[in-house]
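Q: In the numbering used here, the protein residues as written are 100 to 278.
1) Quick one: using the 10 Å Cβ neighbour count with 16 as the cut-off for buried, is residue 144 buried or exposed?
2) If you measure between the beta carbons of residue 271 and residue 163, is that distance less than 8 Å?
3) Looking at residue 172: is its Cβ nearer than 8 Å to the Cβ of residue 127?
4) Count the other C-beta atoms from every protein chain shown that fall within 10 angstroms of the C-beta of residue 236, then say buried if there are 16 or more, exposed otherwise.
5) From residue 263 to residue 210, what does the alpha carbon distance come to, in whole angstroms?
6) Which same chain residues, not among the five before or five after residue 257, have their C-beta less than 8 Å away from its C-beta?
7) Can you look up residue 191 in the DSSP assignment and give me helix, strand or coil?
8) For a quick check, are the C-beta atoms of residue 184 and residue 195 less than 8 Å apart?
9) For residue 134, which residues from the same chain have a beta carbon less than 8 Å from its beta carbon, with the 5 sequence-adjacent residues on both sides left out?
10) Is it the case that the Cβ atoms of residue 202 and residue 181 are separated by a distance below 8 Å?
11) Identify the residues that DSSP records as bridge partners of residue 260: which are they?
12) Tell me whether residue 266 sits in a helix, a strand or coil according to DSSP, three-state version.
13) Can you check DSSP and say which residues form a bridge with residue 273?
14) If you draw a straight line from the C-alpha of residue 189 to the C-alpha of residue 151, how long is it?
15) What residue does the beta strand (DSSP E) around residue 132 start on, and which one ends it?
16) Give the DSSP-derived three-state secondary structure of residue 144 in the structure shown.
17) Sorted by chain position, which residues of the same chain lie with C-beta nearer than 6 Å to residue 100's C-beta, five sequence neighbours on each side aside?
18) Are the beta-carbon atoms of residue 129 and residue 277 separated by less than 8 Å?
19) Might you give, ordered along the chain, the residues of its own chain that have their beta carbon closer than 7 Å to the beta carbon of residue 230, omitting 5 neighbours on each side?
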């Protein structure tokens, strides 16, 4: 039984001929990195709707790296998805970041996911003013670290980020279709 109200369902797509494309269950891998202990734990992000709970929930890490999941074999490019990362779960969760995921064709004609940190500010309305949510709640923004470069559209083969001086928590996540 799920502790969340939204049941997880597999995402599938339909190609231009109306045939269903089964997307591999692994959209990405989250690598939790502890520099002090020199440890790394890996958790798969399954390609399912609904809120998913990490096995590393409640544990803070120095850095988080998002690495590609499985390639998709298809004649047509899979649609773009959004991966929202949260601290906490259920109704108490707080959005710490959002990733846009697009697929790019590789030399073997498979489609590989690439990632971009969405830099749209989260705001709330107070009267006629928009107030940045991070400044009202004290939640730190994600800072990209690492030495890999993005492709021409700004998507990375992997993303490494931190919340600055604080430990970074990714306890739950949720996947949404963009188009």
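Glycine included, C-beta positions come from ideal geometry on N, C-alpha and C.
Source: prediction; values computed, not measured.
A: Checking against the coordinates, here is how it stands:
1) Translated into positions along the chain shown, residue 144 becomes position 45. The residue in question, residue 144, is buried, as its Cβ has 16 or more Cβ neighbours within 10 Å.
2) In the chain shown, residue 271 corresponds to position 172, counting from 1. In the chain shown, residue 163 corresponds to position 64, counting from 1. No. Outside cutoff.
3) Numbered from 1 along the chain shown, position 73 holds the residue referred to as residue 172. Numbered from 1 along the chain shown, position 28 holds the residue referred to as residue 127. The answer is no: Cβ separation not under 8 Å.
4) Counting from one through the chain shown, the residue named residue 236 turns up at place 137. Summary for residue 236: the model assigns pLDDT 47, below 50, so the residue's position carries little reliability; its value from the coordinates is reported in the next sentence. Exposed: under 16 other Cβ atoms inside 10 Å.
5) Counting from one through the chain shown, the residue named residue 263 turns up at place 164. Counting from one through the chain shown, the residue named residue 210 turns up at place 111. Roughly 33 Å between the two C-alpha positions.
6) The residue given as residue 257 occupies position 158 in the chain shown. So the list reads 164, 165, 166, 167, 214, 245 and 247, once near-sequence residues are dropped.
7) Counted from its first residue, the chain shown places residue 191 at position 92. Three-state result, residue 191: helix.
8) What you label residue 184 is simply residue 85 of the chain shown in a count that begins at 1. What you label residue 195 is simply residue 96 of the chain shown in a count that begins at 1. Contact: yes.
9) As a position in the chain shown, residue 134 is number 35, starting the count at 1. So the list reads 161 and 162, once near-sequence residues are dropped.
10) What you label residue 202 is simply residue 103 of the chain shown in a count that begins at 1. What you label residue 181 is simply residue 82 of the chain shown in a count that begins at 1. Not in contact: residue 202 and residue 181 (Cβ atoms no closer than 8 Å).
11) Taking the first residue of the chain shown as position 1, residue 260 is located at position 161. In the DSSP output, where bridge partners are listed per residue, residue 260 has 163 and 243.
12) Position 167 of the chain shown, counted from the start, is the residue given in the question as residue 266. DSSP places residue 266 in coil when its eight states are reduced to three.
13) Indexing the chain shown from 1 puts residue 273 at position 174. In DSSP, residue 273 forms a bridge with 150 and 183.
14) Taking the first residue of the chain shown as position 1, residue 189 is located at position 90. Taking the first residue of the chain shown as position 1, residue 151 is located at position 52. Going from the Cα of residue 189 to the Cα of residue 151 covers about 10 Å.
15) Reading the chain shown from its first residue, position 33 is the one you call residue 132. Here the beta strand (DSSP E) through residue 132 covers 125 to 133.
16) As a working mapping, residue 144 is identified with position 45 in the chain shown. Strand, per DSSP.
17) The residue given as residue 100 occupies position 1 in the chain shown. Residue confidence for residue 100 is low, a pLDDT of 31 falling below 50, so the modelled location carries little weight; the figure read from the coordinates is stated next. Same-chain partners within the cutoff: there are none.
18) On the chain shown, residue 129 is found 30 positions in, with the first residue counted as 1. On the chain shown, residue 277 is found 178 positions in, with the first residue counted as 1. No, Cβ-Cβ distance for residue 129 and residue 277 is not below 8 Å.
19) Numbered from its first residue, the chain shown carries residue 230 at position 131. Within the same chain, residue 230 has close Cβ partners 222 and 223.
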